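Presented below is the structure to which this report refers.
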Amino acid sequence: MVRRKLIAGNWKMNCLSADGVALAKSVAAQVKAGKFDCEFLICPPFTLLGLVKKCLRGSKVGLGAQDVHFAEKGAHTGDISPLMIKDLGCSYTIIGHSERRVDHAESNQLINQKAVAAHAAGLNTVICIGETEKERDAGKTIKVCQTEINGSVPADSTAKNTVIAYEPIWAIGTGKTPTAADVQEVHAAIRQALAKKLGKATASKMRILYGGSVKPGNAAELLSLPDVDGALIGGASLKADDFIAIAKNASK
Ligand code: 13P
Numbered sequence: 001m002v003r004r005k006l007i008a009g010n011w012k013m014n015c016l017s018a019d020g021v022a023l024a025k026s027v028a029a030q031v032k033a034g035k036f037d038c039e040f041l042i043c044p045p046f047t048l049l050g051l052v053k054k055c056l057r058g059s060k061v062g063l064g065a066q067d068v069h070f071a072e073k074g075a076h077t078g079d080i081s082p083l084m085i086k087d088l089g090c091s092y093t094i095i096g097h098s099e100r101r102v103d104h105a106e107s108n109q110l111i112n113q114k115a116v117a118a119h120a121a122g123l124n125t126v127i128c129i130g131e132t133e134k135e136r137d138a139g140k141t142i143k144v145c146q147t148e149i150n151g152s153v154p155a156d157s158t159a160k161n162t163v164i165a166y167e168p169i170w171a172i173g174t175g176k177t178p179t180a181a182d183v184q185e186v187h188a189a190i191r192q193a194l195a196k197k198l199g200k201a202t203a204s205k206m207r208i209l210y211g212g213s214v215k216p217g218n219a220a221e222l223l224s225l226p227d228v229d230g231a232l233i234g235g236a237s238l239k240a241d242d243f244i245a246i247a248k249n250a251s252k
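The numbers in the sequence shown follow this note's numbering, run straight up by one, and end at 252.
Okay, here's the thing in structure tokens:
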């Protein structure tokens with residue numbers, strides 16, 4: 001089963017206009033100049049989506065948001081609807097990132113609702129899951145991932161409209177990563193959970209990204225694992241050269 005790798009940058013709450021434009025332009029230029037087999041996605045903060053879209057014009061780099069509300073429109077001060085994101089030229093939105101699960105107490109049920117709304121608006125979703133350090137130490141990693149898959153991934157998910165990102169919370173922004181064997185074991189278990197929920201055919205085609213301290217130095221090993229179909233990159237996506245250096249390992 002060939003799953004085209006997805007190299008996605010989550011800029012989180014970083015960049016003002018000038019840095020965001022420079023970063024997006026540099027990524028777009030390097031993607032254009034290089035030879036890559038993978039799909040590229042960058043997810044700037046909401047404030048930069050319009051500006052970054054202009055920088056990506058004519059390039060093969062896709063644009064994504066970092067979250068979305070589940071309602072089409074209405075009285076939700078401060079929130080952004082799926083159609084608004086689509087209107088800005090996004091093809092994807094990240095949902096259920098652990099920073100939103102923690103900072104905004106987002107539940108699996110809410111993330112599921114957001115996914116349904118995003119898919120209905122024609123957006124693809126990157127649905128994030130992953131365990132805390134305490135859960136990992138207690139040997140609960142796979143159980144936590146199964147529960148999050150069951151709760152957050154809607155029944156309408158297909159291999160086309162949904163990408164899963166496994167991001168162990170303790171590996172995010174820490175420089176720590178699980179061993180390659182651990183990553184492969186968890187990704188395989190996630191694919192099994194997806195098969196149970198969505199059927200084997202869908203699960204075998206659905207991409208599962210790894211996220212958490214992905215850097216140019218560890219990308220080759222992580223991206224060579226059989227069930228790792230790309231990366232969701234935080235810190236290293238803020239440096240165009242690092243982001244591209246990671247992607248070079250996805251094109252082998
Ligand atoms: P880092 O790559 O900075 O660890 O962040 C990972 C992440 O949370 C991407 O969504």
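For each residue, glycine too, the CB sits at the ideal point set by N, CA and C.
Owing to the predicted nature of the structure, the values given are computational and were not obtained by experimental measurement.
Say yes only if the C-beta of His69 is nearer than 8 Å to one or more non-hydrogen atoms of the ligand 13P, and no if none qualify.
Because no heavy atom of the ligand 13P lies under 8 Å away, the Cβ of His69 does not count as near it: no.
Are the beta-carbon atoms belonging to Ser213 and Lys176 less than 9 Å from one another?
Cβ distance < 9 Å, so Ser213 and Lys176 count as in contact.
Give me whichever residues DSSP pairs with Gly9 in a beta bridge.
According to DSSP, Gly9 bridges with Ile42 and Ile233.
Does DSSP classify Asn150 as helix, strand or coil?
Of the three classes helix, strand and coil, the one that applies to Asn150 here is helix, per DSSP.
So does His97 have its beta carbon nearer than 8 Å to some heavy atom of the ligand 13P?
At least one heavy atom of the ligand 13P is nearer than 8 Å to the Cβ of His97, so yes.
DSSP beta-bridge partners for Cys128?
Answer is Ala165, bridged to Cys128.
Taking 6 Å as the limit between beta carbons, can you name the residues of its chain near Ala121, skipping five residues before and five after?
Around Ala121: Pro82, Leu83 and Lys86.
From Tyr210, Asp79 and Gly64, pick the residue whose C-alpha is nearest to that of Ile94; which is it?
Of the listed residues, the one whose Cα sits closest to Ile94 is Gly64.
According to DSSP, is Ala121 helix, strand or coil?
Ala121: coil per DSSP, three-state reduction.
From the DSSP output, in three-state form, read off Asp61 for me.
In the sequence on display, residue 61 carries Val and not Asp. Val61: strand per DSSP, three-state reduction.
Less than 8 Å between the CB of Gly74 and some heavy atom of the ligand 13P, yes or no?
False, no ligand heavy atom lies under 8 Å from that Cβ.
Could you give the distance in angstroms between the alpha-carbon of Leu209 and the alpha-carbon of Ala117?
For Leu209 and Ala117, the distance between alpha carbons rounds to 22 Å.
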